[in-house]
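Enquirer: So in this note's numbering, spot 76 of the sequence shown is number 124, and the numbers just go up one at a time.
We put the CB at the ideal spot given by N, CA and C, even for glycine.
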Amino acid sequence: MRPSVFAPAVLAHTFLEFESQIKKIDIGLFPYVHIDVMDGKFVPHTSFKEIDRLEGLASNLPFELHLMVEDPLAELEKWAAVGNVFRIIFHIESGRNLDVAMALAEDTELAVGLAIKPQTPLSSLVPYLDRIDVAQFMTVNPGAQGEKFIAGVLENISEFNKSREGILTSVDGAVNLTTLPELIKRGVDIFTVGSAFRHAPDVKKTYKAMKAMIASQKIN
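(1) Taking the straight line between their C-alpha atoms, what separation do you get for Val85 and Glu112?
(2) Look at Leu109 and Val148 and say whether their C-beta atoms are less than 7 angstroms apart.
(3) Would DSSP call Phe78 helix, strand or coil?
(4) Does DSSP classify Ala257 as helix, strand or coil?
(5) Are there 16 or more other CB atoms within 10 angstroms of the CB of Val251, so buried, or fewer, so exposed?
(6) Checking the sheet assignment: what are the DSSP bridge partners for Asn184?
(7) Would Arg101 and Phe63 qualify as a contact pair, given that the criterion is a beta-carbon distance under 7 angstroms?
(8) Exposed or buried, what is Gly242 when buried is set at 16 or more other beta-carbons lying within 10 Å of its beta-carbon?
(9) Which residue marks the beginning of the beta strand (DSSP E) containing Pro56, and which one marks its end?
(10) Just tell me which of Trp127, Ala199, Asn224 has its CA closest to the CA of Lys259.
(11) At the level of alpha carbons, what is the spacing between Ser264 and Thr156?
(12) Output the distance between the C-alpha atoms of Thr187 and Lys196, rounded to the nearest integer angstrom.
(13) Figure out for me which residue from His61, Arg144, Gly235 has the closest Cα to the Cα of Ser290.
(14) Once DSSP output is grouped into helix, strand and coil, what is the label at Leu105?
(15) Return the residue from the list Val201, Ala244, Arg212 that minimises the CA-CA distance to Leu231.
(16) Expressed to the nearest angstrom, what Euclidean distance is found between the alpha-carbon atoms of Thr217 and Asp178?
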């Protein structure tokens, strides 16, 4: 059985918001931070633009980028100088330059994952399965935190996990103590947590409660 991973998701419209969210997270608890990158086109909102300031803020903290953008190649090139980035999550729905962007990430030895929206057919992932190490299932409509959990995605996760052949399964969207039990049952490996950590009075306490729930489910 694979170990479960929790990654705090940071969705910030300004760099000030990003700094505030990073400071609230107990970095020592987590292997990396998931950064939502938005262009205002693929999703309605935009994220902060001061990419060059990241190195000074958290020089040893690994980043996973979730590119919610129309042109992933152009966005990837903007982030090229940030040495902390270890994985890029592209959206399967980003048709423009997707293959070229994935190839660039591979050439620069970055891990590659694909995110899939709730309404997108699971079959769309098939042509890319030999190029990714993570399949990220969106359990909300992407682009904002605090959205309603879309339970219909659970069946897609179960179906994918029947023949995933070494690919990690990640979920992003409305991951909390209420939705966690069903996600555990479906065999999810990576839990990307946004609002449940962001609005928690005590992030460490919430994290420990989630870890305890997973331990309990696996024993049972």
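Expert: In short:
(1) 10 angstroms
(2) no
(3) coil
(4) helix
(5) buried
(6) As written in the sequence, residue 184 is Gln, which differs from the Asn given in the question. Note: Gln184 sits in a beta bridge opposite Ala163, Ser218.
(7) yes
(8) buried
(9) 53 to 58
(10) Asn224
(11) 40 angstroms
(12) 8 angstroms
(13) This structure does not reach residue 290, given that the chain is present from 49 up to 268, and the question cannot be answered.
(14) helix
(15) Val201
(16) 14 angstroms
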